[in-house]
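As structure tokens, the structure follows; a few thoughts come after it.
2 protein chains.
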Amino acid sequence: MSAVTLKMIAAELSLSVATVSKALADSYEISQATKNTVSEAAQRLGYVANPYASSLRKRRSKTIAVVLPEIADSFFAQAINGIETITQAFGYHVLIYLSHESFLREQAIMQYFKSGRVDGILMSVSEETSDTSHIKDVIDDDIPVVFFDRVCEDLPTAQIVTNDFESSFNATHHLLSKSCHKIAFIANSGSLSINRNRVLGYQKALQSVGNSNELIVNCGKNDEENYQLLTSLFNQEERPDGVILSVEKLTPLVYQVCNDLGVTIPTQVKVLTFTNLGIASFMNPALTTVNQPAFEMGQAAAKALFKKLSQNIEVLDPELVILPSKLICRESTR
Amino acid sequence: MSAVTLKMIAAELSLSVATVSKALADSYEISQATKNTVSEAAQRLGYVANPYASSLRKRRSKTIAVVLPEIADSFFAQAINGIETITQAFGYHVLIYLSHESFLREQAIMQYFKSGRVDGILMSVSEETSDTSHIKDVIDDDIPVVFFDRVCEDLPTAQIVTNDFESSFNATHHLLSKSCHKIAFIANSGSLSINRNRVLGYQKALQSVGNSNELIVNCGKNDEENYQLLTSLFNQEERPDGVILSVEKLTPLVYQVCNDLGVTIPTQVKVLTFTNLGIASFMNPALTTVNQPAFEMGQAAAKALFKKLSQNIEVLDPELVILPSKLICRESTR
DNA sequence: CTGTTAGCGCGTTCAA
DNA sequence: TTGAACGCGCTAACAG
Chain H
1 MSAVTLKMIA AELSLSVATV SKALADSYEI SQATKNTVSE AAQRLGYVAN PYASSLRKRR
61 SKTIAVVLPE IADSFFAQAI NGIETITQAF GYHVLIYLSH ESFLREQAIM QYFKSGRVDG
121 ILMSVSEETS DTSHIKDVID DDIPVVFFDR VCEDLPTAQI VTNDFESSFN ATHHLLSKSC
181 HKIAFIANSG SLSINRNRVL GYQKALQSVG NSNELIVNCG KNDEENYQLL TSLFNQEERP
241 DGVILSVEKL TPLVYQVCND LGVTIPTQVK VLTFTNLGIA SFMNPALTTV NQPAFEMGQA
301 AAKALFKKLS QNIEVLDPEL VILPSKLICR ESTR
Chain L
1 MSAVTLKMIA AELSLSVATV SKALADSYEI SQATKNTVSE AAQRLGYVAN PYASSLRKRR
61 SKTIAVVLPE IADSFFAQAI NGIETITQAF GYHVLIYLSH ESFLREQAIM QYFKSGRVDG
121 ILMSVSEETS DTSHIKDVID DDIPVVFFDR VCEDLPTAQI VTNDFESSFN ATHHLLSKSC
181 HKIAFIANSG SLSINRNRVL GYQKALQSVG NSNELIVNCG KNDEENYQLL TSLFNQEERP
241 DGVILSVEKL TPLVYQVCND LGVTIPTQVK VLTFTNLGIA SFMNPALTTV NQPAFEMGQA
301 AAKALFKKLS QNIEVLDPEL VILPSKLICR ESTR
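Residue numbers (full-length UniProt numbering), protein chains in the order written: chain H, 1 to 334; chain L, 1 to 334.
What follows is the structure, encoded as structure tokens:
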């Protein structure tokens with residue numbers, strides 16, 4: 001049988017509904033004796049409060065939303081794990097939404113939140129997002145939003161990012177030190193702030209040594225086209241001898257293209273990719289990676305959100321958390 | 001400003017709340033004229049129904065729960081993507097819970113669902129789960145549950161699995177045909193049904209050719225211990241020349257151990273792993289994989305759940321969906 | 001310390 | 001075709 005209500009417990013114990021409610025909430029105005037009786041009965045009958053009735057009345061759902069572009073590579077998978085460790089500690093529930101990199105879908109999702117469905121939102125914006133009014137609307141409704149990884153720098157709220165500029169700068173210098181002199185930078189979206197900072201770091205590094213072989217390739221969503229794009233990149237008269245991948249997802253494609261063209265990694269081309277502690281890092285000793293602290297970013301974002309939730313009345317100053325990435329060199333030793 | 005309610009729309013149009021409610025629900029008893037007026041006003045004011053009030057009244061939350069052990073490798077990440085495509089088409093919301101392979105946590109999570117929080121549950125059980133009464137309780141409360149991947153074979157509900165026995169049988173034969181004669185099977189949990197079936201397929205294949213070098217290694221959660229376990233495996237007087245990994249997650253560890261011992265893959269040891277279409281598959285040409293259709297399993301599970309939800313009164317016969325895995329040989333060609 | 005009353009916002013009666 | 005009244009289950013205010 002289902003649906004044990006306060007009313008049933010009250011009837012069972014000949015108490016009023018209000019008393020039972022207060023007893024279970026451990027209110028100070030209830031005697032220890034009845035508290036014991038009530039919690040015993042609740043336990044025995046398997047009472048679980050109806051969250052919808054409770055949320056309606058309290059105007060708090062104990063639920064947050066996580067809005068992601070997708071869960072394709074392991075970055076967001078790890079991030080969810082990090083988020084969950086925090087939400088779970090706070091007794092919060094997590095609704096998950098995927099925008100599939102679509103602005104329209106992201107708009108529709110934000111619409112859900114204009115009715116108190118969630119107490120707060122953790123979000124990484126889609127590639128297509130440049131207009132941010134749908135997000136601003138939600139913030140204006142006093143629903144706290146925390147961005148992580150794919151942030152909106154122009155919105156006045158908490159942002160959790162990694163040191164993209166610096167790590168890209170270091171990554172480029174790393175390849176330069178391995179005597180690469182023509183390094184290509186491969187991205188998949190020009191508008192995202194992370195990508196922008198990584199490109200800047202790459203450019204700055206090249207400039208710092210007077211290397212003018214700047215080569216930026218913007219991949220799209222279509223893997224066929226990307227294949228062509230990369231094939232012509234490696235088919236140039238003077239082939240790149242180093243490649244930086246802004247997204248982990250493109251790694252297999254690069255390997256495939258090189259394989260098909262008979263270009264060996266890392267002898268002829270050194271590959272360096274932004275990634276996280278996923279499997280890719282371990283599998284191929286010829287790959288150097290900049291590890292993104294995905295789990296930690298999830299945790300940091302969730303913590304920032306709960307900080308806002310616990311003082312949700314006053315308007316907070318925007319805060320920016322920058323977590324460091326880590327360059328991991330796993331040069332082939334075989 | 002926040003919280004546009006039916007009441008506000010009613011006031012705006014000098015109508016009653018009931019009329020507005022019916023109009024938005026497209027009830028037959030409302031004139032087309034007022035329906036138009038109402039939906040225009042709702043649009044203009046940015047009305048979104050309060051889901052908690054609505055759920056409380058209708059006793060349906062339009063929300064399902066996805067209960068997973070973790071999102072460590074890409075299998076569950078892909079599965080979530082598949083699930084989301086379906087839930088999104090049905091206008092449902094998705095709550096996500098991670099048991100972290102803990103039975104106690106899984107019990108606590110199932111407890112949440114005894115109060116109408118969700119209309120249905122998609123679930124992969126934790127490694128530790130042998131007692132299934134906490135799941136049975138929820139089913140008895142008429143909340144439909146669909147298992148996928150890590151199923152409970154003894155519970156009478158829908159189960160989505162892959163052909164584990166058969167694909168493990170084929171995988172073993174594949175290695176045998178590559179002239180392996182001492183093949184180790186590496187798992188990380190003995191009690192799960194998938195693992196059981198894979199072990200059986202492995203054993204059956206060995207028997208079918210009269211090979212008596214059965215070698216089953218059960219790894220645990222501790223990576224240090226696993227490292228030791230695998231090191232002693234490869235340090236045996238007669239080293240295995242083939243390895244089947246029941247879980248993708250252990251792949252990097254095997255590569256690491258082999259690397260540290262100076263054992264080359266695939267020359268000295270051929271590695272075959274159960275996986276999905278994650279990055280691992282593409283990255284290392286020396287790896288043969290049995291690809292799990294994770295995305296499709298997520299979709300199948302969600303579809304099965306919605307089938308149940310649409311006819312939730314009658315008790316359904318248990319049904320079993322078996323999706324085929326695919327053996328992908330990616331032998332080194334370089 | 002306990003009970004009574006009054007909503008939270010919505011959907012479903014039943015009258016008008 | 002519309003509106004008034006009631007209640008989903010719970011919590012907050014106020015009496016007793």
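Using N, Cα and C, we set each Cβ at its ideal position, and we do this for glycine too.
Below-7 Å beta-carbon distance, residue i vs any chain L residue
i        : result
ILE71/H  : yes
HIS134/H : no
GLY120/H : no
LYS178/H : no
ARG117/H : yes
ILE279/H : Its pLDDT being 48, under 50, ILE279/H is placed unreliably in this model, and the value from its coordinates should be taken loosely. Chain L, which has a Cβ nearer than 7 Å to the Cβ of ILE279/H, makes this yes.
Proximity below 7 Å, CB of residue i to CB of residue j
i        : j        : result
LEU309/L : TYR52/H  : no
HIS134/H : GLN159/H : no
LEU305/H : VAL118/H : no
VAL48/H  : LYS114/L : yes
LYS301/L : LEU68/L  : Before going on, a small fix: residue 301/L reads as Ala here, not Lys. No, the pair does not count as a contact, with Cβ atoms beyond the cut-off.
ALA41/L  : ALA77/H  : no
ASN195/H : CYS219/H : no
ALA205/L : HIS173/L : yes
VAL20/H  : ILE30/H  : no
ALA184/H : LEU215/H : yes
THR264/H : LEU245/H : no
ILE71/L  : ILE186/H : no
VAL38/L  : ALA23/L  : yes
LEU168/H : ARG150/H : Strictly speaking, residue 168/H in this sequence is Ser, with Leu absent from that position. For SER168/H and ARG150/H, no; Cβs fall outside 7 Å.
VAL94/L  : ILE96/H  : yes
THR162/H : GLN292/H : yes
Proximity test, Cβ basis, 7 Å: residue i and chain H
i        : result
PRO266/L : no
LEU309/L : no
PRO51/L  : yes
ILE139/L : no
SER55/L  : yes
SER325/L : no
LYS114/L : yes
PHE282/L : Here PHE282/L scores only 49 on pLDDT, less than 50, and its place in the model should not be relied on; the value that follows carries that caveat. Cβ-Cβ to chain H under 7 Å: yes for PHE282/L.
Residues sharing a beta bridge with residue i, DSSP
i        : result
LEU215/H : ALA184/H
THR273/L : LEU245/L, THR289/L
LEU68/L  : LEU98/L
PHE148/H : ILE160/H
THR251/L : For THR251/L, which the question treats as bridged, DSSP gives no partner whatsoever.
THR63/H  : HIS93/H
Span of the beta strand (DSSP E) around residue i
i        : result
ILE265/H : Where ILE265/H is concerned, there is no enclosing beta strand (DSSP E), given that its DSSP letter is neither H nor E.
LEU320/H : 320–323
ILE160/H : 159–162
GLY120/L : 120–123
TYR97/L  : 93–98
Residue i: first and last residue of the uninterrupted alpha helix (DSSP H) it sits in
i        : result
HIS134/H : 133–140
VAL20/H  : 17–24
GLY82/L  : 74–89
THR34/L  : 32–45
LYS221/L : No alpha helix (DSSP H) contains LYS221/L, which DSSP labels as neither H nor E.
GLN236/L : No alpha helix (DSSP H) holds GLN236/L; DSSP gives it neither H nor E.
TYR202/H : 193–208
GLY298/H : 294–309
TYR52/L  : 51–58
ALA108/H : 103–112
ALA11/L  : 6–13
Positions along the stretch 77–105 of chain L whose CB lies within less than 7 Å of some CB in chain H: Listed by position, the residues of the stretch 77–105 of chain L near chain H (Cβ gap below 7 Å) are ALA77, ILE80, ASN81, GLU84, HIS93, VAL94, LEU95, ILE96, LEU98.
Chain H contacts from the UniProt domain "HTH lacI-type" (4–58) of chain L (Cβ-Cβ distance under 7 Å): Going along the UniProt domain "HTH lacI-type" (4–58) of chain L in chain order, one finds GLY46, VAL48, ALA49, ASN50, PRO51, TYR52, ALA53, SER55, LEU56 with a Cβ nearer than 7 Å to chain H.
Contact residues within the stretch 185–207 of chain H, judged by C-beta distance below 8 Å to chain L: Within the stretch 185–207 of chain H, no residue has a Cβ that lies closer than 8 Å to any Cβ of chain L.
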